[in-house]
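The structure appears below as structure tokens.
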Amino acid sequence: MSGNDFTADEMMTIAAARALSNDDVVFVGIGAPSAACNVARLTHAPDITLIYESGTIGTKPDVLPLSIGDGELCETAVTTVAVPEMFRYWLQGGRITLGFLGAAQLDRFGNINTTVIGSYDDPKVRLPGGGGAPEIASSCGKIFITMKQSLRGMVEKIDFFTSFGHGEGGDHRKRLGITTEGPVLLITDLAIWEPDPETKEFTVVSLHPGVTRDQVQDTCAWPAKFADSVKETPLPTEEEIRTLRDLKARTDAAHKGKAA
Amino acid sequence: MVKFVSLAEAIADNLHDGDSVAFEGFTHLIPHAAAHEAIRQGIKDLTLIRMTPDIIYDQMIGMGLAKKVVFSYAGNPGVGLLRRLRDAVENQHPRAIEIEEHSHAAMANAYEAGASGLPCAIFRGYKGAELAKVNPNIKSVTCPFTGEELAAVPAIRPDVSIIHAQKADRRGNVLVEGIVGVQKEAVLAAKRAVVTVEEIVEDVTKVHPNACVLPHWTITAIAEVKGGAHPSYAHGYYDRDNAAYLEWDKISAERDLFESWMKANVIDALPGDFAARVADLEVNK
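Residue numbers (my numbering), protein chains in the order written: chain A, 1 to 260; chain B, 1001 to 1285.
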């Protein structure tokens, strides 16, 4: 397989998958996070524990679920608990090491908006809302975020604080009495970002192969910061690409047809 | 005393204009047939409560049944936004609706508090989250032992909760299996509980000693509606009709298309029509 035979989306999912390990207990958001978690499980992290908010713990789906509660999540899970138990014993109880979220709008400190575009009382666009995210963001040991870069998505100021990241930066989490780490990694279709240890502002630490600094800045509405030494994200391996594409093909087939 | 009745009777007897009602189901076992019956009966001014108001509340809101929605995630799961809900919130069509928005943790805790007979739920949540600023029902309390500040929301106590389950037995005990969501809590929190089931069997109490069974004396009315969760699913009976969820995004995008779809598939349809809708989705066939 040639080194350039992959899409930016595939690179994003694979880079996110690589950040996961066998020891992680992950609260999985639907969409890009779910794809990354399952690629990790099917490649280097077969023992990773995936938890979906529908109550399924230790699930191993063969296709990516369309929703957080598809039947296969339950059938392949170690156990399935009621939703109040999920949020009380498992999430609030501090048993989940990593929350993996997507975002409609994100700011440089990892604060997420999935509630409204415009004002809350008279929104321009009413988005679905937070679901489990507000408490995932505060109760999981740490948070990974994955999203495609765009000027509409990576904004100077989010319209609504659905889920708290690092707030205004620095020790803002600590000042609110939040004891968990918050966002520690942002994986986009162009780059890998980590928060600055002091300011907590997301900083580019690795550019995906072929991506320029200008491309990153052109799709990010805040002035992007770059680490002193920016690495290049390793190319996807043949196994990673094959695993992801097979997973997507199985998923598409399952979601299109009835009883496929 | 639980009554075995037709779906039309179960809704007419238990769901009234102005009620607060929870049609619960967390992706799985969503009571679509019961919601369609409520739409056919034209029940008005409802306060609709649900963690994940997906297609059925989009349909009820689009048909003008709701005056208020209490929710924590208003999306078509994995597909996108709820377009009829958006039309109501953004354009007040077909009527203005009030919204009370929470997080999942808050709603799950609030149902549990309702089932527990408590006035409110207390949990560690909403830290730094702006919902606490726009929803006056999100408050905080201080732990009297540690001094920790915790979030508090009122218990959910619906006038009626409506769920779909796999089985009821002849005495009216109800078995729920798979992703059990918050259905048990919703039933126990409500004044009245209506359950639609895939089938009525002899006895559900011997399935497993820890099976999720709602005893017959916690249920008001049971109606047998085969396929009654479609396009949601019933674990062990039929799969989720993911294609229908994708299709809903198109149907709900236009007011005219929505109305003609509702007329053909809900207003002019019957509970008995659900069985045919799951025929191709049945498992073990």
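C-beta atoms are modelled at their ideal positions from N, C-alpha and C, and glycine is treated no differently.
Source: prediction; values computed, not measured.
If you check the CB distance, A/Gly102 and A/Met154 do not come in under 8 Å. For A/Tyr89, no chain B residue has a C-beta closer than 7 Å to its own C-beta; the minimum C-beta separation is roughly 11 Å. When DSSP states are grouped into helix, strand and coil, B/Asn1091 belongs to the helix group.
By the neighbour-count criterion, in which a residue is buried when 16 or more other Cβ atoms sit within 10 angstroms of its Cβ, B/Ala1276 is exposed. In the structure shown, the three-state DSSP call for B/His1032 is helix.
Contact with chain A is absent for B/Leu1118, since none of that chain's Cβ atoms lies less than 8 Å from the residue's Cβ. When DSSP states are grouped into helix, strand and coil, B/Arg1157 belongs to the coil group. Here B/Asp1159 is not near B/Asp1013, since their CB atoms are 8 Å or more apart. If you ignore the 5 residues before and after A/Ser54, its C-beta comes within less than 6 Å of the C-beta of Ile68 and Gly69, all in its own chain and listed in chain order. Listed by position along chain B, the residues whose Cβ is nearer than 9 Å to that of A/Phe160 are Glu1130, Leu1131 and Val1134. According to the DSSP assignment, B/Arg1170 belongs to no beta strand (DSSP E), since it is labelled neither H nor E. As the crow flies, the alpha-carbon of B/Gly1178 is around 45 Å from that of A/Thr199. When rounded, the separation of the alpha-carbon atoms in B/Arg1095 and B/Val1089 is 9 Å.
Within chain A, Ile30, Leu66, Ser67, Ile68 and Gly69 have C-beta atoms less than 8 Å from the C-beta of B/Pro1077, given in sequence order. Counting only the Cα atoms, B/Ala1113 lies some 15 Å from B/Asn1137.
8 Å or more divides the Cβ of B/Val1225 from the Cβ of B/Asn1173.
Around the beta carbon of A/Trp90, 16 or more other beta carbons sit within 10 angstroms, so the residue counts as buried. Scanning the segment 137-182 of chain A from its first residue to its last, the whole alpha helix (DSSP H) runs of 4-plus residues come out as 172-175.
Counting the other CB atoms within 10 Å of its CB gives A/Ala253 a total below 16, which places it among the exposed residues. Interface annotation, B/Tyr1233: in contact with chain A, CB-CB separation under 8 Å. For A/Leu50 and A/Leu73, the gap between their C-alpha atoms comes out near 10 Å.
Between B/Ser1161 and B/Met1107, the CB-CB gap reaches or exceeds 8 Å. Put simply, the backbone Cα of A/Glu181 is about 5 Å away from that of A/Lys142.
Close partners of B/Val1180 in chain A (Cβ separation under 9 Å): Gly55, Thr80, Val81, Ala82 and Val83. Residue-level contact check: B/Asn1109 touches chain A, since one or more beta carbons of chain A fall below 8 Å from its beta carbon. By the neighbour-count criterion, in which a residue is buried when 16 or more other Cβ atoms sit within 10 angstroms of its Cβ, B/Arg1171 is exposed. The beta carbon of B/Ile1055 sits closer than 6 Å to the beta carbons of Trp1248 from its chain, once the five residues preceding and following it are set aside; these are given in chain order.
Just so you know, the alpha carbons of B/Tyr1233 and B/Val1283 end up roughly 10 Å apart. Within the segment 137-160 of chain A, the residues whose Cβ lies closer than 9 Å to any Cβ of chain B are, in chain order, Ala137, Ser138, Ser139 and Phe160.
In this structure, the alpha-carbon of B/Val1070 lies about 9 Å from that of B/Pro1053. Within the segment 1035-1071 of chain B, the complete beta strand (DSSP E) segments at least 3 residues long are 1046-1050 and 1066-1071, listed from N- to C-terminus. Positions of the beta strand (DSSP E) runs, each at least 3 residues long and wholly inside the segment 188-252 of chain A, are given as 191-195, 202-207 and 225-232 in order along the chain. Between A/Ile57 and A/Gly99, the C-beta spacing is not below 8 Å.
A/Tyr120 is bridged by DSSP to nothing; it lacks a bridge partner. The beta-carbon of B/Asp1239 is placed less than 8 Å from the nearest beta-carbon of chain A.
For the C-beta of B/Val1089, the chain A residues within less than 8 Å are, from N- to C-terminus, Pro123 and Arg126.
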